[in-house]
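Notes follow the structure.
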Amino acid sequence: MNQKVLTKVDAAYIRDILAKSLDLRALNLNEVSALLAVEEGELWSEIFDSARRVKERVYGKRIVLFAPLYLSNECMNDCLYCGFRRGNREAKRKTLTVNEAVEEAVLLERRGYKRLLLVAGEHSKYAGIGYFEKIAEAIYKRTDIRILHANSAPMSVDDFRRLKASGIGVYQCFQETYHLPSYMHFHQTGTKADYAGRLGVMDRAIEAGFEDIGMGVLLGLYDWRWDVADLIAHCRRLINKYGFGPHTLSVPRLQPAQGSMADLLRYGVSDEDLKKIVAIYRLALPYVGVVVSTREPSGLRDELFSLGASQVSAGSKTSPWGYIEEGDTEQFEIGDSRSLEEVMGKIASLGLIPSLCTACYREGRSGERFRNLAEEATIKNFCHENALLSLKEYVEDCASGEIKEQLMKVLNEEVVKIRNGLSDKFKLIEAGERDIHI
Ligand code: SAM
Ligand code: SF4
Numbered sequence: 002m003n004q005k006v007l008t009k010v011d012a013a014y015i016r017d018i019l020a021k022s023l024d025l026r027a028l029n030l031n032e033v034s035a036l037l038a039v040e041e042g043e044l045w046s047e048i049f050d051s052a053r054r055v056k057e058r059v060y061g062k063r064i065v066l067f068a069p070l071y072l073s074n075e076c077m078n079d080c081l082y083c084g085f086r087r088g089n090r091e092a093k094r095k096t097l098t099v100n101e102a103v104e105e106a107v108l109l110e111r112r113g114y115k116r117l118l119l120v121a122g123e124h125s126k127y128a129g130i131g132y133f134e135k136i137a138e139a140i141y142k143r144t145d146i147r148i149l150h151a152n153s154a155p156m157s158v159d160d161f162r163r164l165k166a167s168g169i170g171v172y173q174c175f176q177e178t179y180h181l182p183s184y185m186h187f188h189q190t191g192t193k194a195d196y197a198g199r200l201g202v203m204d205r206a207i208e209a210g211f212e213d214i215g216m217g218v219l220l221g222l223y224d225w226r227w228d229v230a231d232l233i234a235h236c237r238r239l240i241n242k243y244g245f246g247p248h249t250l251s252v253p254r255l256q257p258a259q260g261s262m263a264d265l266l267r268y269g270v271s272d273e274d275l276k277k278i279v280a281i282y283r284l285a286l287p288y289v290g291v292v293v294s295t296r297e298p299s300g301l302r303d304e305l306f307s308l309g310a311s312q313v314s315a316g317s318k319t320s321p322w323g324y325i326e327e328g329d330t331e332q333f334e335i336g337d338s339r340s341l342e343e344v345m346g347k348i349a350s351l352g353l354i355p356s357l358c359t360a361c362y363r364e365g366r367s368g369e370r371f372r373n374l375a376e377e378a379t380i381k382n383f384c385h386e387n388a389l390l391s392l393k394e395y396v397e398d399c400a401s402g403e404i405k406e407q408l409m410k411v412l413n414e415e416v417v418k419i420r421n422g423l424s425d426k427f428k429l430i431e432a433g434e435r436d437i438h439i
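In terms of the working numbering, the sequence shown is residues 2 to 439.
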């Protein structure tokens with residue numbers, strides 16, 4: 002995409018675009034291209050500020066936390082950038098048994114997590130649909146984890162139906178890059194070499210009944226401006242076709258990984274670029290959640306929390322069995338190693354509300370219904386109350402020391418702002434009742 006220096010007229014155009022976003026209307030591709038072409042620093046400050054305001058209009062101050070649960074690092078594909086790839090001869094491979102997955106989920110539950118993202122390499126023998134079904138059933142039955150997401154290899158419509166029936170709330174899969182020559186370079190063998198097959202994965206998931214889907218590109222495989230514009234085009238196509246697009250967009254940025262053959266510098270994405278990407282996703286599709294993982298360093302993550310991120314992972318490990326014991330091959334290196342509690346404290350110190358809410362999917366607020374609630378700026382009323390209720394549970398069950406006091410201060414300050422109060426519900430939580438939500 003050609004860059005151009007903006008004239009004063011263009012700056013006026015950019016401000017019109019920002020006003021449209023603040024009105025919670027999705028941007029068209031010309032408008033997205035105009036944002037991508039901005040060079041002037043001051044205008045970027047306005048863009049960042051608008052992204053923050055759009056996020057607050059849609060979701061309020063809450064940021065939802067989760068952790069990935071890596072199930073298997075066995076993989077039949079050979080994505081050149083990934084530590085799990087088949088060609089990584091150094092890899093120490095492991096696939097969790099059902100009991101091991103439950104053991105890790107119990108450990109995470111004790112730390113306070115309610116939402117986990119199941120992640121696995123692509124392997125028909127080790128991580129097929131039957132395996133996911135058994136894992137989901139066991140975690141729901143034997144732990145207090147309330148919602149599971151899955152980031153697994155693309156499936157057929159029939160297998161997606163089974164995945165949905167097993168209780169997976171959000172199905173997530175990244176196109177990696179939309180640029181065909183780059184895609185073919187990084188994915189030369191295995192099922193992932195089928196570009197068109199991967200491109201159709203969300204249509205198959207939606208056909209199977211998934212209404213909450215997570216999309217993204219792996220930033221750093223090709224020119225990020227090109228891939229960001231294409232991802233937004235893909236989302237717009239889904240919205241036009243189905244009435245809803247992705248529930249979340251993730252911003253994974255290429256990290257060093259054992260055995261990686263990717264050149265991290267060729268299409269490098271700087272910290273400043275990543276901030277721009279989060280802001281552009283936020284503005285282009287105001288109702289969509291933006292997910293930031295622990296791939297990124299803590300200081301940058303803290304900036305992204307205030308800039309439009311609405312879901313973040315914390316305290317993550319990226320190897321199977323990694324929460325219990327480190328040693329098996331990680332998918333990539335982690336940039337932010339703070340615990341869940343530390344990240345919650347940080348979010349609170351930024352004037353935001355850390356949330357462990359899992360209500361929407363379970364209450365049927367998904368797909369088009371979620372989009373409508375978000376675009377009319379009413380979803381934040383649910384988010385706010387549920388964030389406080391889930392935070393209250395966390396404070397009762399898991400928080401300690403100074404961070405506990407900090408989180409209690411947030412609760413006290415916020416609760417007085419709620420019209421009907423929450424004191425009755427808080428008393429129920431103090432008395433031991435759990436999972437109170439609206
Ligand atoms: N195997 C499935 C797949 O490829 O879609 C799902 C799990 S894969 C472990 C999840 C995502 O991790 C990939 O889609 C890719 O974008 C990302 N990833 C792989 N290697 C990475 C790296 N070195 N740095 C950052 N993200 C990476
Ligand atoms: Fe396998 Fe996914 Fe890694 Fe590719 S990105 S090697 S498919 S785990």
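No residue lacks a Cβ here, since even glycine has one placed at the ideal position from N, Cα and C. Predicted model, so just to flag it, every value in this text is computed and none were measured.
Put simply, of D11, V252, F49 and H180 the residue whose alpha carbon is nearest the alpha carbon of L23 is F49. In this structure, ligand 1 has no non-hydrogen atom nearer than 7 angstroms to the beta-carbon of N413.
The C-beta distance from A230 to L37 rounds to 6 angstroms, short enough to meet the 8 angstroms contact threshold.
The beta carbons of S340 and G316 sit about 5 angstroms from each other, so the pair counts as a contact at 8 angstroms.
When secondary structure is reduced to three states using DSSP, H150 falls in the strand class.
A residue is called buried when at least 16 other Cβ atoms come within 10 angstroms of its Cβ; E41 does not meet this threshold and is exposed. With 16 or more other CB atoms across the displayed protein chains lying within 10 angstroms of its CB, P155 is buried. Between ligand 2 and N78, a heavy atom-to-CB distance of less than 7 angstroms is present. A68 carries a strand assignment under DSSP once its states are collapsed to helix, strand and coil. Each residue's CA atom was taken as its position, placing E334 and Y82 some 12 angstroms apart.
At the C-beta level, Y60 and V120 stay beyond 8 angstroms of one another.
Taking a C-beta distance under 8 angstroms as the contact criterion, V99 and A139 qualify as a contact pair.
Residue environment: E369 is assigned as exposed (fewer than 16 neighbouring CB atoms within 10 Å of its CB, all protein chains considered). Scanning I419, E377, I404 and V344 for the CA closest to the CA of N387 turns up I419. Taking 8 angstroms as the cut-off, the beta carbon of L412 is found no closer than this to the beta carbon of S356. Minimum Cα-Cα distance from A102 among the listed residues R94, I136 and E75 corresponds to I136. Ranked by Cα distance from I348, the options N382, G300 and F371 are led by G300.
In the three-state reduction of the DSSP assignment, Q189 falls in the coil class, being assigned neither a helical nor a strand state. Here R116 carries a strand assignment [DSSP, helix/strand/coil].
Residue state for G336 is assigned as coil, using DSSP reduced to three classes. In the assembly as shown, A360 is a buried residue. Its beta-carbon has 16 or more other beta-carbons within 10 Å. The way I'd put it, the region 238–251 doesn't touch the region 15–22; fewer than three beta-carbon pairs between them come closer than 8 angstroms.
For the 8 angstroms CB-CB criterion, H180 and D228 form a contact. When D425, L255 and L222 are compared, the shortest CA-CA separation from G336 is found for L255.
For the pair of segments examined, the region 283–300 was found to touch the region 251–268: the number of CB pairs separated by less than 8 angstroms reaches three.
Of all C-beta pairs linking the region 371–380 to the region 317–330, fewer than three are shorter than 8 angstroms, placing the two stretches out of contact. Membership of Y196 in the alpha helix (DSSP H) is indicated by the continuous run Y196 to L200. Residue range I169 to Q173 is occupied by the beta strand (DSSP E) that includes G170. Take E104, set aside five residues on each side of it, and the residues of its chain with a beta-carbon closer than 7 angstroms to its own are I325, in chain order. Under the three-state reduction of DSSP output, A263 falls in the coil class, being neither helix nor strand. About 6 angstroms separates the CB atoms of K165 and F211; that is less than 8 angstroms, so the two are in contact.
Secondary structure at I354: strand, using DSSP grouped into helix, strand and coil. Cβ-Cβ separation between S367 and F67: approximately 16 angstroms, too far for a contact (criterion under 8 angstroms). With a 10 Å radius around the Cβ and a threshold of 16 neighbouring Cβ atoms, E434 comes out exposed.
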